[in-house]
Amino acid sequence: MATPLLLGPKSIRATVRLFSTASRAFDVAVIGGGPGGYVSAIKAAQLGLKTAIIEKRPALGGTCLNIGCIPSKCLLHSSHEYSALKNGSSLKKIGVKVDTSSAAADLTAMHRHRTRTVQMLTKGVKGLMDKNGVLDGSYPFVADQIPPKAWRAYCSFVTQFEGLGRFTSPDTIEVDMDGGGSESLQAKHYVVATGSDSSSLPFLKVDGDVVVTSTEALEFTEVPESMAVIGGGVIGLELGSVWARLGSKVTVVEYMPHILPTADLDVSQALQKSLQRHEKMDFHVGTGVTSAEVKDGHAKLTLKGADGTDKGTLEVQKVLVAVGRRPYTEGLDLNRAGVAADSRTGMIEVNDNLQTNVPNIWAIGDVVRGPMLAHKAEDEGFAVAEKIHALLNKGKDPSHINYDSIPSVVYTHPEVAWVGKTEGDCKKAGVDYKVGVFPYAASGRAKCVDSTEGFVKVVSRKEDDKLLGACIVHASAGELIHPFVLAINYGASSEDVARTCFAHPTLSEAVREASMITAFGKAIHI
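Here the sequence shown is numbered in the UniProt record's numbering, starting from 1 and rising by one per residue.
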């Protein structure tokens, strides 16, 4: 017989602690507490599902919040503000005089801001969990003894376990608790959301000192005299630009013909020129690193062109290996659950519903196909929670994911952002398309704020004007891309965007003007 319940979520949580019989049975158990995992757990709880979340770190948020997206954006902001003051010329143009000789970079204070921001946001995630009835998994309780009506009326529960989860069967996982011991959990459904880890190079061992990953590159206590970035993708460009602004001589080595290989070629070329001009970064594109020697606090890299030509050597104080990320599925014992995964990469195979070959086991985020982006993982986590709820309740699945409308952003200066298909994608697929480009040099608001570098580019299908993709180069590109995200998500045309009223004067007007060119062949303000 259940213990009588008092009214209110706090009372319910207190009452739950009184149960003495251990029960570890859940509707859904989420393995991994990153953006995809914690969003999935919260949504499942909001839908009334008894939910567990297992995370190895003391704080939820995963790589993105703790050692990735958020801390890097802090350093990007701090380094940009320092660079703007130190160079001063842009401020002088708009009538602001500064003593550029007094500008100084305080790395200790920058790291303090980074740490404080991460701590505030991890507390924020904990607050979200508390709001949805988080329970510490270190004590036993019998969730099933709470009457369902009371459960749903007062609060949903997410039970959090700090430790490493691994499958012992398709229906059971064992959690090696961080504080010692283990817990056996059973759930009707499992969501694998364990994220990804930095990829490495076979000939270049990461030592955390001279040769580093993005994690160590966020924590340098001194500005390196010189740094090589192996990989011209998002992570390499963002962190390379941080240290270049602070005074390091940064060289980017990218094997593909241009940086940001998945972006529109116009975007890649514009960003490279800007980083060369403003941040004095060097680039070796179409070039690989074939060997490396680390000695006396420095590294000597041997370079070779993609065509086999000798490109000489590069000697630097630090080497940032930024050659991508790989799914983090080691230690999950997926084979014991019968879950199929790629033997080389560890990527879990899923269908269009994000189900593995074992119907009650789902996978989301960086462990499955698609771009390794926090917001993509969040979308998938939200959707999977809805799918599981619909299955358990024999209801309609309301979930919706449009992979064509997932944006990508690089937070350099200028920022670059894109969504949907690029012009190159359309050419490769043989799609008959139209293009409209509007430069920020023609934007009134951009002139007011002295931020005229960049452009908006729109691609639509010639047959019916359906919006296929868009990209933006501008200091605020990450914020400006979202009208296109919404438009593509709901199948709009470039004319739909062109006929939408945008406030004047705003940077967003360029979105409309570029769409006018795509739809009508001409804009108004160019």
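Just so you know, even glycine gets a beta-carbon here, dropped at the ideal spot from N, CA and C.
Because the structure is a prediction, the values reported are computed rather than measured.
- Note that the C-beta distance between leucine 85 and threonine 108 is not below 9 Å.
- The beta carbon of histidine 113 sits closer than 8 Å to the beta carbons of Cys74, Ser78 from its chain, once the five residues preceding and following it are set aside; these are given in chain order.
- Excluding the 5 residues flanking it on each side, aspartate 465 has same chain C-beta neighbours closer than 8 Å at Lys434, Ser493, Ser494, Glu495, Thr518, Ala519, in chain order.
- Here valine 211 has Leu204, Lys205, Val294, Ala299, Val319, Val321 as same chain residues with Cβ atoms under 7 Å from its own Cβ, once five neighbours each way along the sequence are excluded.
- Under the Cβ criterion (8 Å, minimum of three pairs), the segment 381-395 does not count as touching the segment 426-444.
- For leucine 354, the CB contacts under 8 Å within the same chain, skipping 5 residues up- and downstream, are Trp362, Ala363, Ile364, Val368, Glu380, Ala383, Val384, Lys387 in chain order.
- Looking at the DSSP output, histidine 284 shares a beta bridge with Val253.
- Non-local C-beta neighbours of glycine 232 in its own chain, meaning closer than 6 Å and more than five positions away in sequence, comprise Val252, Glu254, Ile259, ordered along the chain.
- Within the DSSP bridge table, the entry for glutamine 186 names Ala25, Thr172 as partners.
- Take serine 72, set aside five residues on each side of it, and the residues of its chain with a beta-carbon closer than 7 Å to its own are Leu218, Glu238, Leu239, in chain order.
- Look at leucine 204 here: in three-state DSSP terms it is strand.
- Scanning the segment 374-455 for uninterrupted alpha helix (DSSP H) segments of 4 residues or longer gives 374-392, 423-429, 444-448, listed from N- to C-terminal end.
- Tyrosine 190 is a Cβ neighbour of valine 28, given a cutoff of 9 Å.
- Contact between histidine 111 and serine 241 is absent: CB atoms are separated by about 17 Å, not below the 8 Å threshold.
- Counting only runs of 3 or more residues that sit fully inside the segment 315-351, the beta strand (DSSP E) segments are 318-321, 325-327, in chain order.
- CA-to-CA, the gap between leucine 486 and alanine 446 works out to about 23 Å.
- DSSP places alanine 103 outside both helix and strand once states are collapsed to three, so it counts as coil.
- Taking the Cα of threonine 194 as reference, the smallest distance to any Cα among Glu222, Ser200, Gly165, Ile488 is reached at Gly165.
- DSSP, read as helix, strand or coil, puts serine 241 in helix.
- If you draw a straight line from the Cα of tyrosine 82 to the Cα of leucine 76, it is about 10 Å long.
- Straight-line measurement puts the Cα of isoleucine 472 at about 19 Å from the Cα of cysteine 448.
- The straight-line gap separating the alpha-carbon atoms of serine 89 and alanine 475 is approximately 17 Å.
- When DSSP reads this structure, isoleucine 526 sits in no beta bridge, so it has no partner.
- Comparing alpha carbon positions, the residue from Arg277, Val456, Thr159, Tyr490 closest to valine 416 is Val456.
- Proximity to glycine 34 across Pro407, Val419, Gly420, Asp197 peaks at Asp197, based on C-alpha coordinates.
- The residues Asp264, Leu265, in chain order, have a CB closer than 7 Å to that of glycine 424 in the same chain once the five nearest residues on each side in sequence are set aside.
- Boundaries of the beta strand (DSSP E) around serine 196: 196-198.
- DSSP lists no bridge partner for glutamine 119.
- If you check the CB distance, serine 182 and arginine 325 do not come in under 9 Å.
- Taking each of Pro58, Gln119, Asp171 in turn and checking the Cα distance to proline 359, the smallest one comes out for Asp171.
- Going by DSSP, cysteine 74 is part of the alpha helix (DSSP H) stretching over 69-87.
- Counted as a single uninterrupted DSSP element, the stretch harbouring glutamate 219 is not any beta strand (DSSP E), since DSSP gives it neither H nor E.
- The beta carbons of alanine 52 and threonine 159 sit about 5 Å from each other, so the pair counts as a contact at 8 Å.
- Cβ atoms of lysine 421 and glycine 469 come within 8 Å of each other, at about 4 Å.
- The C-alpha of valine 339 is placed about 16 Å away from the C-alpha of alanine 187.
- With a contact defined as Cβ atoms closer than 8 Å, isoleucine 406 and proline 371 qualify at about 6 Å.
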